[in-house]
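Colleague:
In full-length UniProt numbering, the protein residues as written are 1 to 172.
#1: On the CB-based measure, 16 or more other CB atoms within 10 Å of its CB, does residue 71 come out buried or exposed?
#2: For residue 48 and residue 8, what's the separation of their Cα atoms in angstroms?
#3: Anyone know if the C-beta pair for residue 83 and residue 35 falls short of 8 Å?
#4: What does the alpha-carbon distance come out to for the pair residue 1 and residue 90?
#5: Would you kindly report the start and end of the unbroken alpha helix (DSSP H) that includes residue 110?
#6: Which residues in the same chain have their Cβ closer than 7 Å to the Cβ of residue 126, if we skip the five residues on either side of it in sequence?
#7: If you check the beta carbons only, do residue 95 and residue 119 fall under 8 Å apart?
#8: What is the DSSP secondary structure of residue 73, counted as helix, strand or coil?
#9: Let's test the definition: count the other Cβ atoms within 10 Å of the Cβ of residue 115 and tell me whether it reaches 16, buried, or not, exposed.
#10: Give the single residue among 12, 10 and 28 whose Cα lies nearest to the Cα of residue 151.
#11: Does the separation of the CB atoms of residue 109 and residue 60 fall below 8 Å?
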C-alpha cells in the first residue's frame with residue numbers, strides 16, 4: 001500500500017500544490033493557511049524522499065531525488081521568508097522559481113534518458129510548459145500591469161508538471 005501511495009501520491013500532490021499557490025495569489029486563502037501548507041508540504045517532501053531514497057540512486061529517479069532535495073531546501077527558505085515578512089518577498093520568488101525550473105530540468109533529463117517508447121515527448125512538453133509558465137509568471141507583469149500573467153504562468157506550470165507526473169505515475 002505504501003508503494004502505491006508513493007507511486008500515485010505525486011499525481012495528486014503536484015496539481016494540488018500548484019492549485020493552492022494559485023489560490024493564494026488570488027487571495028482565496030489566508031496567510032496563516034499558506035504557512036501551514038508550507039509546513040505540511042515540507043514534511044511530505046522529507047518523508048517521501050526518505051522513503052524513496054534507496055530507489056532513487058540512479059537514472060531518472062536520481063534526477064527526481066535532486067528535485068526533491070533542492071525543492072525542500074527552497075521550500076524551507078520560502079517558509080522562513082513567509083514567517084519573517086508579511087508580503088511577497090524575494091525568497092518566496094526564488095522558491096517559486098525553483099519549483100518551476102528544477103522540475104523542468106528533470107523533465108528534460110528524463111526525456112533524454114528514457115526509451116523512445118516511454119514517452120520522451122510527454123516529458124519535453126512538461127518541461128516546456130514549466131519554463132513557459134516561469135517566463136509568463138515573472139516577465140508577464142512587466143508587460144501587462146495586471147495580475148493575469150501570474151495566474152496564467154501558474155496555470156501553465158500546473159498543467160505541464162501535472163501532465164509529466166501523471167504520465168510518470170502511469171509508466172511506473
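The C-beta atom is built at its ideal place from N, Cα and C for all residues, glycine as well.
Modeller: In terms of the structure at hand:
#1: Residue numbering aside, residue 71 sits at position 71 when the chain shown is read from its first letter. Residue 71 comes out buried.
#2: Along the chain shown, read from residue 1 onward, the residue named residue 48 stands at position 48. Along the chain shown, read from residue 1 onward, the residue named residue 8 stands at position 8. Going from the Cα of residue 48 to the Cα of residue 8 covers about 12 Å.
#3: Indexing the chain shown from 1 puts residue 83 at position 83. Indexing the chain shown from 1 puts residue 35 at position 35. Contact: yes.
#4: Sequence index remark: in the chain shown, residue 1 carries index 1 (1-based). Sequence index remark: in the chain shown, residue 90 carries index 90 (1-based). Because the pLDDT of residue 1 is 49, which lies under 50, any placement of that residue in the model is unreliable, and the question is left without a value.
#5: Taking the chain shown and counting its residues from 1, one reaches residue 110 at position 110. Note, residue 110: alpha helix (DSSP H), 90 to 113.
#6: In the chain shown, counting from the first residue as 1, residue 126 sits at position 126. Only 107, 160, 161, 163 and 164 meet the Cβ criterion.
#7: Within the chain shown, the letter at position 95 stands for residue 95. Within the chain shown, the letter at position 119 stands for residue 119. No, they are not a contact pair.
#8: Sequence index remark: in the chain shown, residue 73 carries index 73 (1-based). Three-state result, residue 73: helix.
#9: As a position in the chain shown, residue 115 is number 115, starting the count at 1. Exposed, by the Cβ-count rule.
#10: As a position in the chain shown, residue 151 is number 151, starting the count at 1. Of the listed residues, the one whose Cα sits closest to residue 151 is 28.
#11: Along the chain shown, one-based indexing puts residue 109 at 109. Along the chain shown, one-based indexing puts residue 60 at 60. Closer than 8 Å, so yes.
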